[in-house]
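Colleague:
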Amino acid sequence: MKHIMAFVLSALLLMASGFSAFAEPAVPVAPERTAELNTDSNKVVIYSGAEEYRNEYFKQRLSEEFPDYDIVIEYMPTGNLAAKLAAEGTDTDMDIFYDLDFSYAGLVEQYLADVSDYDQSIYVDDCKVASGKYLAATRNGGAIIVNPSVLEAKGLDLPTSYQDLLKPEYKGLVSMPDPKSSGTGYMFVKSLVNVWGEEEAFDYFEALSENILQFTSSGSGPVNALIQGEAAIGLGMTAQAVTAINEGAELEILFFEEGSPYSLYGYAMPEGKEVRKAVKDVFDFFYTTLVLEDKALFYPEQVFIGQTNEIENYPTDIAYADMSNNTTAEKTRLLENWEF
Amino acid sequence: MDKIIVENLSKAFGSSGVLHDLSFSIREGEFLSILGPSGCGKTTILRILIGLESPDSGAIYKDGKEITRLPPYQRNMGIVFQNYALFENMSVLQNVEYALLKSSSTKAEYNPSTARSKAKLMLDIVGLTDHLSKKPRELSGGQQQRVAIARTLALNPDVILFDEPMSALDVDTRLSLRSELKELQKHFGTTMVYITHDQEEAFALSDRIMVMDAGVIHQLDTPHNLIHHPADDYVKCFVIKNIDIKINSLIQYAQRREEFL
Amino acid sequence: MRSGGLSVRKWSPAASLKLLLCCFWLFSIILPLLRMLSTIATVDVASVITARKFSRAFSHSIAASTVSTMISVVLAGILSWCVARTNIRHKTILNTLITVPMLIPSISHGMGLIIILGANGWLARLLGLTGGIYGFWGIVIGSVMYSFPVAYLMLYDVLLYEDATPYEAADVMGLKAADRFFAITFPYLRKPLISVVFAAFTMIITDYGVPLMVGGKYTTLPVMMYQDVIGMLDFGKGSVIGMILLIPALIACILDMANRDKGNAAFIGKPYTPKDNRLRDTCAILIIGFLIVLIFLPIGSFAVLGFINKYPIDMTLSLSNITQAVHMGALKYLCNSLVIASVVSVFGTALAVFNAYMTARNKTKMSYVLHLMSITSLAIPGIVLGLSYVMFFKKSPIYGTFAILFLVNSMHFFASPYLMAYNTFGKINENLEDVGSTLGIPHFLIIRDVLLPQAAGTILEMVSYFFVNCMMTISAVSFLSNVNTKPVALMITQFEGQMQLECAAFVSLLILVVNIIMKYAIFLIKKKLS
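In the order they appear, the protein sequences are chains A, B and C. Heads up: the first sequence begins at 1 in my numbering, then just goes up one per residue. Heads up: the second sequence begins at 1 in my numbering, then just goes up one per residue. Heads up: the third sequence begins at 1 in my numbering, then just goes up one per residue.
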């Protein structure tokens, strides 16, 4: 009897964890405040690596929620954002950053306030941050995006594998973000390193660089180059491509058998900013509400347990690439050898 | 009577030049030329006399009072530079007016209208009445130097120093300006100290001439005595050589004139 | 006896002012730079320099900069000859048109190039060009675009002031045109040419706007520095590259100084007046016209781009880019830029005039130190200066305020206006102050009433130089500004990062318009003065 009970219990537990994706979404609750917060200033400065249309949305929602606060959201490319923090440390006008690549966030962790009191059980496993210095915001998935009309004009077929991209007829038609300055670029490199091994992956990129038109500094570069017809094939961001398609661009999103690479983005407060009530209020609002809305509206790929989002034209059932061992130290090591 | 007395003046100047323990005096109302090759220290003496530079040692007296430490504007002396040093952004008239109205020694005496009439008077004396509203760059070199002289004279200094004032001018202008200068000196009775490396000029203008070389005074005497009683071989060579050159060039000129005719 | 009293009274104020200036330089240039260089200590310099990617970027930089400089100077030479040595009319207008590219950031030139010659550029499609301009030739074309007006202005000045007497002698001797060129013009131009070549070379080799936009895979040193600092947060390695970039500029500075001292007497003589020659003038007009059209292709393209919906998928005319830019604070940031440019053009000019006075008209040993410090900024790339300021000033109260932007811009653009003032003061009669003190006119009155009015034209040019450059600078301020102080030019990189070329084009245009207005205002004031 005891055995049966144990079996049933463990089966139930298994089911619960196995089907957690279909469970009711958890409602995030901000941690209770124990200390008195500083109310001297109502100004909150947010630097965001998110695209302009998302920042617009945040701005509007925040002004509805906190009409008395003076909230500024400023776009800054994720690399610049990290460089700013690394250079300024905690002597910065930045109160909150949003959408900074995990690998960069790891590099500036020492300057960040502790947010480990925020409940991270609402996140899917790979979005949980062990150091408790920042919280996950976005899963940015990558895809091979093509502009079929450019290919058609040149009488070329759609590529079906990474090896296809090496074909000489695609010379000068491929655009890829520079992995040194763009997290999007790096995730493609990392995913292939994980599947093929470092040597083979680097040989691949060496060969691919023959066909590359330009290594763009920003992760959003390739899709924009595709829209402008500058490139025919781009290693870019799925969400950006979907947005462009929904705005009327004729693009096609492809996934190769190695799976969709992805990178995670987080948000945090530099140390010393968390003692201000206005900053803390805004940060809590991101935690309880805005991040979820951002996922539902713009970047649907899964961050939270139980949240499924549907966006028009967004690919479903994405098979993800193996992105294990995606640490800051590993990134520094790999890119030390990157020379293209 | 001695207007200025210089005692044991020493001064290092330029990269290697030195004035050695100079003592001399300048008489009231005289025209004294300092003659010597370039780099002999004559300009340095002038700048020390007026107070633009200070001596390493020694003293200067004017009218019996020591002026070694006085700033230039308290010495009641004027200076005329080789390059005129006019105020290029002002008209001829304004150059003189401005000096009268802003100078610490005259600004109490003048208001704009009296300054204007005084400036006009001075410019008339140097023959520039027709050019009052012109800018300096519209004038010839000789005319510009006349403006500089008028500007200096206007402040009524009792000593005027000239730092090679004519070396940038052509021969004809020099000759006419030379005689005008002599006239002015007679008219105002001002003591004048005149630096030149042109012996002819020195001999034509001066009551006395100071022959210098390498920071040392070889002789300070009348032109007549320089020729007839040179103090040393340097003065002898210097003066005679130049007279020879003068004579030679006269002969050449005469020959050429004959050929031409 | 010693007359120490006099010498103390005469030298003390000037000497202490110079000391004050030296301290200022110490804190605004030397110490920040040293602070940044101290990060090099943590880097294995040898391994950075010997790495394959470094040597590749280095040779890319050298190759692209050399070729661009050559083309730029030759083009500038032809054009300046066409304007200065012919009897064509409306030279002022032509000069203005030719120098318009100097009024927008280099990154805008890169952008303009993508629009016309990119893989999908309208001119590339029109001419059936394939392959695009990304890479070596992209960098070269873009670099020539913004550097040749600078070379042009320098050469035009030189040709304008060349003594005509040797040409008259040559006419008498019956020399052929080619002989004349090699016997007179070229030897005369040799020295100024060295200055021009190095000025252009320095400008090109330190620029990252153009290579970032159209460099493709052709990585240059500034781009590598950008990647290492921004992408890898490796300030130490960035500093090493910054140091390497200082070298050509330093050489340029030294050569320039050596040149300047010898070439002072070249001004006496008779200005060159071109003889009548219909054919020559017609050819000149054709060449100038052709080049001006080329200059205006990219500028014109993004003028159009600023007003269309979404290039190239929706080519309808619209004001949506303007609304978006305005919505994102373009007007506020424009105001920031105007504040920065105005304050810097006043403060920077005052500082440069003061400094030049101390070095050009009050020569002591300390003047040389001051002079050297004043021109060091010529050799410091903006990104290096900006980074060193962050590190040095981040704990200071001016950090994060407008004050640090005023300071960094004044320093970044100091050398050229300073040299303008230095040269002008050097040419003004050396005895002015002496005459003032013997006439009993106070020193400050001589400066205010005589010296400054004579330098008025130069001072106006200095004001305009500071203003125009503050309006378009990106590199030095990108680290130092924040949401409250951000200048409008940074919106270009903000848009460029997201490849929103249309909005970036609009902002470039905004900067261009403001700068043209400023230039025109200065032109009017100068005209009124003379």
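Backbone N, C-alpha and C fix where the C-beta goes; we use that ideal spot for every residue, glycine too. Computed from a predicted structure; not experimentally measured.
Comparing alpha-carbon positions, which option in 222(B), 131(B), 100(B) lies nearest residue 117(B)?
Modeller: The shortest C-alpha separation from residue 117(B) is found at 100(B).
Colleague: Can you give the beta carbon distance from residue 390(C) to residue 477(C), rounded, assuming they're within the 8 Å contact cut?
Modeller: That pair is no contact at about 11 Å.
Colleague: Kindly identify the DSSP beta-bridge partner or partners of residue 262(A).
Modeller: BP columns for residue 262(A) point to 141(A).
Colleague: Which residues does DSSP list as the beta-bridge partners of residue 27(B)?
Modeller: 2(B), per the DSSP bridge assignment.
Colleague: Would DSSP call residue 136(B) helix, strand or coil?
Modeller: In this structure, residue 136(B) counts as helix in the three-state DSSP scheme.
Colleague: Would residue 50(B) count as contacting chain C if we go by Cβ distances under 8 Å?
Modeller: Residue 50(B) counts as touching chain C.
Colleague: For residue 80(A), return the contacting residues in chain C, with the cut-off set at a CB-CB distance below 7 Å.
Modeller: Ordered by position in chain C, the residues that pass the 7 Å Cβ test against residue 80(A) are 230.
Colleague: So, are the CB atoms of residue 50(B) and residue 72(B) less than 8 Å apart?
Modeller: The answer is yes: Cβ separation under 8 Å.
Colleague: On the CB-based measure, 16 or more other CB atoms within 10 Å of its CB, does residue 397(C) come out buried or exposed?
Modeller: Exposed, since its Cβ has fewer than 16 Cβ neighbours within 10 Å.
Colleague: I want to verify the contact list: residues of chain C whose CB lies under 7 Å from the CB of residue 32(B), in sequence order.
Modeller: Under the 7 Å cutoff, chain C gives no residues; its nearest Cβ is about 18 Å from residue 32(B).
Colleague: Could one say the Cβ of residue 190(A) lies closer than 8 Å to chain C's Cβ atoms, at least one of them?
Modeller: By this cut-off, residue 190(A) is not an interface position.
Colleague: Anything in the region 199-220 of chain A with a Cβ closer than 9 Å to a Cβ of chain C? List those residues in chain order, please.
Modeller: Within the region 199-220 of chain A, the qualifying residues are 209, 212, 213, 214, 215, 216, 217, 218, 220.
Colleague: Less than 8 Å between CB atoms is the rule here; does residue 453(C) satisfy it with respect to chain B?
Modeller: Closer than 8 Å to some Cβ of chain B, the Cβ of residue 453(C) qualifies, so yes.
Colleague: Give me the Cβ distance between residue 210(C) and residue 318(C), rounded to the nearest whole Å; I'm assuming they're in contact under 8 Å.
Modeller: Actually they are not in contact, since the Cβ atoms of residue 210(C) and residue 318(C) sit about 28 Å apart, beyond 8 Å.
Colleague: By the criterion of Cβ-Cβ separation under 8 Å, what are the contact partners of residue 531(C) in chain B?
Modeller: One cannot answer for residue 531(C) here, as it falls past the ends of chain C, which runs 1 to 530.
Colleague: Pick out the complete alpha helix (DSSP H) segments inside the region 130-217 of chain A, 4 residues or longer, and give them in chain order.
Modeller: Here the runs fully enclosed are 148-153, 183-196, 198-208.
Colleague: Within the 8 Å Cβ cut-off, does residue 439(C) reach chain B?
Modeller: Interface residue, yes.
Colleague: Compute the beta-carbon to beta-carbon distance between residue 176(A) and residue 212(A), rounded to the nearest angstrom, for a pair I have assumed lies under 8 Å.
Modeller: Between residue 212(A) and residue 176(A) the Cβ distance is about 6 Å, and since that is below 8 Å, they are a contact.
Colleague: Check each residue of the region 471-489 of chain C: if its Cβ is closer than 9 Å to any Cβ of chain B, include it; give the result in chain order.
Modeller: Flagged: no residues at all.
Colleague: Expressed to the nearest angstrom, what Euclidean distance is found between the alpha-carbon atoms of residue 86(A) and residue 91(C)?
Modeller: When rounded, the distance between both Cα atoms is 51 Å.
Colleague: Exposed or buried, which one is residue 86(C) when buried takes at least 16 other CB atoms within 10 Å?
Modeller: Flag for residue 86(C) reads buried.
Colleague: Relative to chain B, which residues along the region 412-437 of chain C have a C-beta separation below 8 Å, given in chain order?
Modeller: The residues in question are 428, 429, 430, 431, 432, 434, 435, 437.
Colleague: Look up residue 363(C) in the DSSP assignment and say whether it is helix, strand or coil.
Modeller: Correct three-state label for residue 363(C): coil.
Colleague: With a threshold of 8 Å between beta-carbons, can residue 15(C) be considered close to chain B, or not?
Modeller: Taking Cβ atoms only, chain B never reaches closer than 8 Å to residue 15(C), which makes this a no.
Colleague: Can you tell me the Cα-Cα spacing of residue 262(B) and residue 173(B), whole angstroms?
Modeller: This structure cannot speak to residue 262(B), because chain B is shown only from 1 to 261.
Colleague: Quick one: using the 10 Å Cβ neighbour count with 16 as the cut-off for buried, is residue 169(A) buried or exposed?
Modeller: So residue 169(A) counts as exposed.
Colleague: My assumption, with CB atoms under 8 Å, is that residue 26(B) sits in contact with residue 195(B). Please give the rounded CB distance.
Modeller: Actually they do not touch by this definition, with Cβ atoms about 13 Å apart.
Colleague: Compare the C-beta of residue 353(C) with all C-beta atoms of chain B and state if any pair is closer than 8 Å.
Modeller: No, residue 353(C) lies away from the interface with chain B (no Cβ there is under 8 Å from its Cβ).
Colleague: Applying the 10 Å Cβ sphere with the 16-neighbour rule, what's the burial state of residue 228(A)?
Modeller: Label assigned to residue 228(A): buried.
Colleague: Do you know offhand how far residue 204(B)'s Cα is from residue 227(B)'s?
Modeller: C-alpha separation (whole angstroms): 13 Å.
Colleague: Which residues in the same chain as residue 322(A) place their Cβ atom closer than 8 Å to its Cβ, once the five residues preceding and following it in sequence are excluded?
Modeller: So the list reads 191, 194, 195, 259, once near-sequence residues are dropped.
Colleague: Look at the Cβ atom of residue 223(A), then the Cβ atom of residue 96(A), and state whether they are nearer than 8 Å.
Modeller: The answer is no: Cβ separation not under 8 Å.
Colleague: Interface residues of chain C around residue 78(B) at Cβ under 8 Å?
Modeller: Those within 8 Å of residue 78(B) in chain C are 438, 439.
Colleague: Using a Cβ-Cβ cutoff of less than 7 Å, which residues in the same chain neighbour residue 296(A) once the five nearest sequence positions on both sides are dropped?
Modeller: Cβ within range, chain order: 309.
Colleague: Can you name the start and end residues of the beta strand (DSSP E) that residue 119(C) belongs to?
Modeller: Run containing residue 119(C): none; DSSP gives neither H nor E here.
Colleague: Can you list, in chain order, the stretches of the alpha helix (DSSP H) that have 4 or more residues and sit fully within the region 115-201 of chain C?
Modeller: For the region 115-201 of chain C, whole alpha helix (DSSP H) runs of length 4 or above, ordered along the chain, are 122-126, 136-160, 165-173, 177-180.
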